[in-house]
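Q: So that we are looking at the same thing, I have put the structure below in C-alpha cells.
Number of protein chains: 2
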Amino acid sequence: MSMARALSHINGNSVFHVPCRPKPKRQCPLQLPRRVFKVTVSCNQSYWDSINSDIKAHLNRAIPIREPLTVFEPMNGLTFAAPRSIVPALCVAACELLGGHRDDALPTASALWLMYSASFTHEHLPLTQSCRPKSDVRHLYGPNIELLIGDAMIPFGLELLAKSDDRTQNISTRILRVMIEITRAIGSQGMIYKQYHDVERHRSNNNKSYHVEKLEKYEGTLHACAAACGAILGGGSEEEIEKMRRYGLYVGKIQGMVSRAERNDKELNKSVEEMRRLATKELSGFNEAKVQAISTYFESDFMYAQF
Amino acid sequence: MSMARALSHINGNSVFHVPCRPKPKRQCPLQLPRRVFKVTVSCNQSYWDSINSDIKAHLNRAIPIREPLTVFEPMNGLTFAAPRSIVPALCVAACELLGGHRDDALPTASALWLMYSASFTHEHLPLTQSCRPKSDVRHLYGPNIELLIGDAMIPFGLELLAKSDDRTQNISTRILRVMIEITRAIGSQGMIYKQYHDVERHRSNNNKSYHVEKLEKYEGTLHACAAACGAILGGGSEEEIEKMRRYGLYVGKIQGMVSRAERNDKELNKSVEEMRRLATKELSGFNEAKVQAISTYFESDFMYAQF
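Chain order of the listed sequences is A and B.
The numbers in the working numbering rise by one with no breaks, and the one at position 247 of the first sequence is 951.
The numbers in the working numbering rise by one with no breaks, and the one at position 164 of the second sequence is 868.
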C-alpha cells in the first residue's frame, strides 16, 4: 500500500480529504529558520485537518443551535470562538496510533475542545479590579453570559464523555480513567494552575524568572493529558500510555515556546529542535504509516496554533 | 430497637452525635405560621447534621491546605464560604434510604458541594458591565482568583467522583451514571439555565411573571439530581430512583419558595404544605426508621438554607 493510501485509511477510518489548494498563510509570531518551521501546504496535512473536521462535526451535532436559543446559541458560538488548538486532535491521533477507532476518541476530543474553549472564554472575561492587561479579544456576548456559558461548557463536555460509555463494550473503566486524566489536567494541577500563575505574573512583574519557570513546569499538561487519553481509549498498555503522555508534553512545550516570543530565534530554534527530537523518539516502535501521519504535525500550521 | 437507636445506627453507620444544645436561631426570611415551619432543636436533627459533618470531613481530607498554598488555600476557603445547602446531604440520605453505605455517597456529595460552591462563587463575581444588582457578599479573594478557583472546583469535584470508582465492586457504571446526572444538572439544562435566567430577569424587569415561571420550572433540578444520584449509588431500582428524584424536586421547590419572599404568607404556606405532602408520599414503602430520619428535614433549620 502506498504511503498516500495508508494515510487516507487509518484503522479503517476513511480520512476526510481537504482539497489540495494552498491555504492563506497564517501570520507566524516569529521569524523562524525554514529548516525547523517549514510551512508547506500539501495533501499530507489532511491528516490533522481531517481529525479537526471530524471533531468539529461531532461538536456541532452535540451543540446544535436549538431551543432555548439563549443558551445554545452562545454555547455553540463560544465553543468555536477560541483560537485553534492541537489538543483535541492530539487525543484522536494517539487513539488511532494505538489501534483504536477514531469514533472512540471523538467524545473525549470534544470534551477537551470544550474545556479549552471554556478556559479561553473565562481567561478574557472583563473583571472589575482585574490585574490582567487589557485583552483585544472581541467579545461576542455580555460578560454575564460569557461567565455562565463558560461554566456550563465544562460539565457539558464531561457529560458528552460520560454518555459515550458503551456497556456492550465494557469500556466504563477506560472512560472513568480518561475522566480522571481530564479533570486533573484542567483542575488545580494543570491548566488552572497555569492561568493562576499568568494572573500572578501580571500582578508582580518584579519576579519574572520565577514565573516563567513555573509556567514551563506546567506547560504542556493539557497536551500530555490529551495524548494519554487517546492512548487509554485506544487500548494502549501502561508503557504506551506513558510514551504518548511524554509525546504530548513535548508537543505542548513546543507550542509554549513558539507562543512566547521573548527569546531570540537562535535559542528558541535549538530548544524546539531538541523537543522535536525527544517527541519523535517517543513514537519509535509504533506503526510506521501512522507515525508518519502524526509527524506531519511538525510541518503543519497547527504548530502555530495559539495553545 | 428504639427509634433513637434506629436513628443513631443507620446501615451500620454510626451517626455523629451533635450535642443536644439549642443552636442560635437563624433569621427566617419570612414570618411563617409555626404549624408548618416549626423550628425545633432536638436530637433528631443530628441525622442531617451528622451527614453534613461527614461530607465536610471528606472535603477537608480532599482539599487539605497544602502546597501550592496559592491554589489550595483559596480552594478550601471558597468551598466552605458558600451558604449551607441541603443538596449534598440529600444525596447521602437517599443512598442510605436505599440501603447503601454512607461512605459510598460521600464522594458524590462532595462533588455536589463543590459544584454548588463554584456556582455561588461565580454568581457573585464582580464583572464589569454587569446587569446584576450589587451583592453584599464579602469577597475573600480578588476576582481573578475567585474566577479561576471557581473554574477549578468543578473539575476537581468530578475528579473526586471519578476516583471513587472501586474496581473490586464493579460500580463503574453507577459512577458514570451519576456523572451524567450531575453534569447535566449543572450544565445547560439545570443550574446554569437558572442562573442565566436570573441574569436575564435582572436585565429586563418588565417581564417578571415569565421569568418566575421559568425559574420555577428549573427550580429543584439540583436537589432532584442529588437525591437520584444517592438512589443510584444505593443500588435502587429504576422506580426507586425516580421516586427519590421526585422527592428531591419537591424539597428543592420548597427551598425555592422559602427563599422567594415575594408572595404573601398564606399562599406560600399552602404551597409548601402541598409540596411537603407530595414529598412525603414519595417516601412511602421505604424502611420506616430511615423515612423518619429523613423527614426530620422538615423540622430542621436546613429548611432555611439559602439554596
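By construction, the Cβ of each residue, glycine as well, lies at the ideal position given by its N, Cα and C atoms.
What you are looking at is a predicted structure, and each value in this text was computed from that prediction instead of being measured.
Kindly say whether residue 826 (chain A), judged by its beta-carbon, lies nearer than 8 angstroms to any beta-carbon of chain B.
A: As a working note, residue 826 (chain A) is residue 122 in the first sequence. It does; some Cβ of chain B falls within 8 angstroms.
Q: Give the residues of chain A in contact with residue 866 (chain B), contact being defined as C-beta atoms less than 7 angstroms apart.
A: If you number the second sequence from 1, residue 866 (chain B) lands on position 162. The answer, in chain order, is 880, 883, 884, 887.
Q: Can you confirm whether the region 928–943 of chain A touches the region 853–864 of chain A when touching is taken to mean that 3 or more C-beta pairs between the two stretches lie within less than 8 angstroms?
A: Contact between the region 853–864 of chain A and the region 928–943 of chain A is absent, because fewer than three Cβ pairs lie under 8 angstroms.
Q: Is the beta carbon of residue 886 (chain A) less than 8 angstroms from the beta carbon of residue 793 (chain A)?
A: Within the first sequence, numbered from 1, the residue matching residue 886 (chain A) stands at position 182. Within the first sequence, numbered from 1, the residue matching residue 793 (chain A) stands at position 89. No. Outside cutoff.
Q: Can a CB atom of chain A be found closer than 8 angstroms to the CB of residue 764 (chain B)?
A: The residue given as residue 764 (chain B) occupies position 60 in the second sequence. It does not: the Cβ of residue 764 (chain B) has no partner Cβ on chain A nearer than 8 angstroms.
Q: Pairs of beta-carbons, one from the region 819–828 of chain B and one from the region 776–786 of chain B, closer than 8 angstroms: are there three or more?
A: The answer is yes - the region 776–786 of chain B touches the region 819–828 of chain B, with three or more Cβ pairs under 8 angstroms.
Q: Check each candidate in B:773, B:757, B:797, B:766 and name the one with the smallest Cα separation from residue 996 (chain B).
A: To locate residue 996 (chain B), count along the second sequence from 1; it is residue 292. Answer by Cα proximity: B:797.
Q: Buried or exposed: residue 770 (chain A), going by 16 or more other Cβ atoms within 10 Å of its Cβ?
A: Translated into the one-based positions of the first sequence, residue 770 (chain A) becomes position 66. Residue 770 (chain A) should be labelled exposed.
Q: Determine, for residue 860 (chain B), whether the minimum Cβ-Cβ distance to residues of chain A falls below 8 angstroms.
A: As a working mapping, residue 860 (chain B) is identified with position 156 in the second sequence. Yes, residue 860 (chain B) counts as interfacial toward chain A.
Q: Give the straight-line distance between the Cα atoms of residue 791 (chain A) and residue 813 (chain A), rounded to the nearest whole angstrom.
A: Residue numbering aside, residue 791 (chain A) sits at position 87 when the first sequence is read from its first letter. Residue numbering aside, residue 813 (chain A) sits at position 109 when the first sequence is read from its first letter. Each residue's Cα considered, the two are about 8 angstroms apart.
Q: So which residues of chain A does residue 781 (chain B) contact, with C-beta pairs closer than 9 angstroms?
A: For the purposes of this step, residue 781 (chain B) is taken as the residue at position 77 of the second sequence. What residue 781 (chain B) touches in chain A: nothing, since even the nearest Cβ is about 13 angstroms away.
Q: DSSP has residue 831 (chain B) in a bridge; who is on the other side?
A: Taking the first residue of the second sequence as 1, we reach residue 831 (chain B) at position 127. The partner list for residue 831 (chain B) (beta bridge, DSSP) reads A:831.
Q: In angstroms, rounded to a whole number, what distance separates the CA positions of residue 712 (chain A) and residue 776 (chain A)?
A: By one-based count along the first sequence, residue 712 (chain A) stands at place 8. By one-based count along the first sequence, residue 776 (chain A) stands at place 72. Note that residue 712 (chain A) scores 39 on pLDDT, short of 50, meaning its location in the model is unreliable; the coordinates nonetheless yield the value given after this. If you take the alpha carbons of residue 712 (chain A) and residue 776 (chain A), they lie about 34 angstroms apart.
Q: Are any of the Cβ atoms in chain B nearer than 8 angstroms to that of residue 847 (chain A)?
A: To locate residue 847 (chain A), count along the first sequence from 1; it is residue 143. Yes - at least one Cβ of chain B is within 8 angstroms of the one on residue 847 (chain A).
Q: Using DSSP with H/G/I as helix, E/B as strand and the rest coil, what is residue 771 (chain B)?
A: Within the second sequence, residue 771 (chain B) is the residue found at index 67, counting from 1. In this structure, residue 771 (chain B) counts as coil in the three-state DSSP scheme.
Q: Helix, strand or coil: which one does DSSP assign to residue 710 (chain B)?
A: One-based indexing of the second sequence puts residue 710 (chain B) at position 6. At residue 710 (chain B) the pLDDT is 39, less than 50, meaning the model places this residue with poor confidence; the figure from the coordinates comes in the next sentence. Helix, per DSSP.
Q: Quick one: Cα of residue 956 (chain A) to Cα of residue 923 (chain A), how far?
A: Taking the first residue of the first sequence as position 1, residue 956 (chain A) is located at position 252. Taking the first residue of the first sequence as position 1, residue 923 (chain A) is located at position 219. Whole-angstrom Cα-Cα distance: 6 angstroms.
Q: Please report the distance separating the alpha-carbon of residue 943 (chain A) from that of residue 756 (chain A).
A: One-based indexing of the first sequence puts residue 943 (chain A) at position 239. One-based indexing of the first sequence puts residue 756 (chain A) at position 52. If you take the alpha carbons of residue 943 (chain A) and residue 756 (chain A), they lie about 27 angstroms apart.
Q: Between the alpha carbons of residue 758 (chain A) and residue 953 (chain A), how many angstroms are there, rounded?
A: Taking the first residue of the first sequence as position 1, residue 758 (chain A) is located at position 54. Taking the first residue of the first sequence as position 1, residue 953 (chain A) is located at position 249. Going from the Cα of residue 758 (chain A) to the Cα of residue 953 (chain A) covers about 23 angstroms.
Q: Report the neighbours of residue 989 (chain A) on chain B: residues whose CB is nearer than 8 angstroms to its CB, in chain order.
A: Here residue 989 (chain A) corresponds to residue number 285 of the first sequence, with the count starting at 1. Simply none; closest approach about 29 angstroms.
Q: Short of 8 angstroms in beta carbon distance, which residues of its chain neighbour residue 762 (chain B), apart from the five on each side in sequence? Order them along the chain.
A: Counting from 1 along the second sequence, the entry for residue 762 (chain B) is found at position 58. Correct list, in chain order: 810, 811, 813, 814.
Q: Taking the straight line between their C-alpha atoms, what separation do you get for residue 805 (chain B) and residue 779 (chain B)?
A: Taking the first residue of the second sequence as 1, we reach residue 805 (chain B) at position 101. Taking the first residue of the second sequence as 1, we reach residue 779 (chain B) at position 75. Cα to Cα, the separation comes out at about 28 angstroms.
Q: By the DSSP assignment, the alpha helix (DSSP H) with residue 798 (chain B) in it spans what residues?
A: In the second sequence, counting from the first residue as 1, residue 798 (chain B) sits at position 94. Segment 791–801, the alpha helix (DSSP H) holding residue 798 (chain B).
Q: What residue from A:1004, A:754, A:951, A:990 has the CA that sits closest to residue 803 (chain A)'s CA?
A: To locate residue 803 (chain A), count along the first sequence from 1; it is residue 99. The candidate whose alpha carbon is nearest that of residue 803 (chain A) is A:990.
Q: Under a Cβ-count criterion, where at least 16 other Cβ atoms within 10 Å of its own Cβ denotes burial, should residue 870 (chain A) be classed as buried or exposed?
A: Within the first sequence, the letter at position 166 stands for residue 870 (chain A). Residue 870 (chain A) is exposed by the Cβ-count criterion.
Q: Is the CB of residue 793 (chain A) under 8 angstroms away from at least one CB in chain B?
A: Within the first sequence, numbered from 1, the residue matching residue 793 (chain A) stands at position 89. Chain B contact via Cβ: absent.
Q: Report the neighbours of residue 851 (chain B) on chain A: residues whose CB is nearer than 7 angstroms to its CB, in chain order.
A: Position 147 of the second sequence holds residue 851 (chain B). Those are 826, 829, 831, listed as they occur along chain A.
Q: Whose CA, out of B:961, B:962, B:933, lies closest to the CA of residue 950 (chain B)?
A: Counting from one through the second sequence, the residue named residue 950 (chain B) turns up at place 246. Measuring from the Cα of residue 950 (chain B), the nearest candidate turns out to be B:933.
Q: As an exercise, report each continuous alpha helix (DSSP H) stretch of at least 4 residues that is fully enclosed by the region 932–991 of chain B, in chain order.
A: The region 932–991 of chain B contains these whole alpha helix (DSSP H) runs: 942–963, 969–986.
Q: For a test of the three-state rule: what should DSSP assign to residue 870 (chain A), helix, strand or coil?
A: By 1-based counting over the first sequence, the position of residue 870 (chain A) is 166. Coil at residue 870 (chain A), not helix or strand.
Q: Closest to residue 854 (chain B) by CA distance: which of B:975, B:751, B:817 is it?
A: Locating residue 854 (chain B) in the second sequence gives position 150, counting from the first residue. Here the closest residue by C-alpha is B:817.
Q: So which of A:925, A:874, A:878 has the shortest CA-CA distance to residue 890 (chain A)?
A: The residue you call residue 890 (chain A) lines up with position 186 of the first sequence. Minimum Cα distance to residue 890 (chain A) is reached at A:925.
Q: Answer with buried or exposed for residue 773 (chain B), where buried requires no fewer than 16 other C-beta atoms within 10 angstroms of its C-beta.
A: Walking along the second sequence from the start, residue 773 (chain B) turns up at place 69. The residue in question, residue 773 (chain B), is exposed, as its Cβ has fewer than 16 Cβ neighbours within 10 Å.
Q: When you compare only the Cα positions, how much space is there between residue 851 (chain A) and residue 959 (chain B)?
A: Position 147 of the first sequence, counted from the start, is the residue given in the question as residue 851 (chain A). Position 255 of the second sequence, counted from the start, is the residue given in the question as residue 959 (chain B). Going from the Cα of residue 851 (chain A) to the Cα of residue 959 (chain B) covers about 25 angstroms.
Q: Run down chain A in chain order and give the residues with a C-beta less than 7 angstroms from the C-beta of residue 890 (chain B).
A: Walking along the second sequence from the start, residue 890 (chain B) turns up at place 186. Per Cβ cutoff of 7 angstroms: 859.
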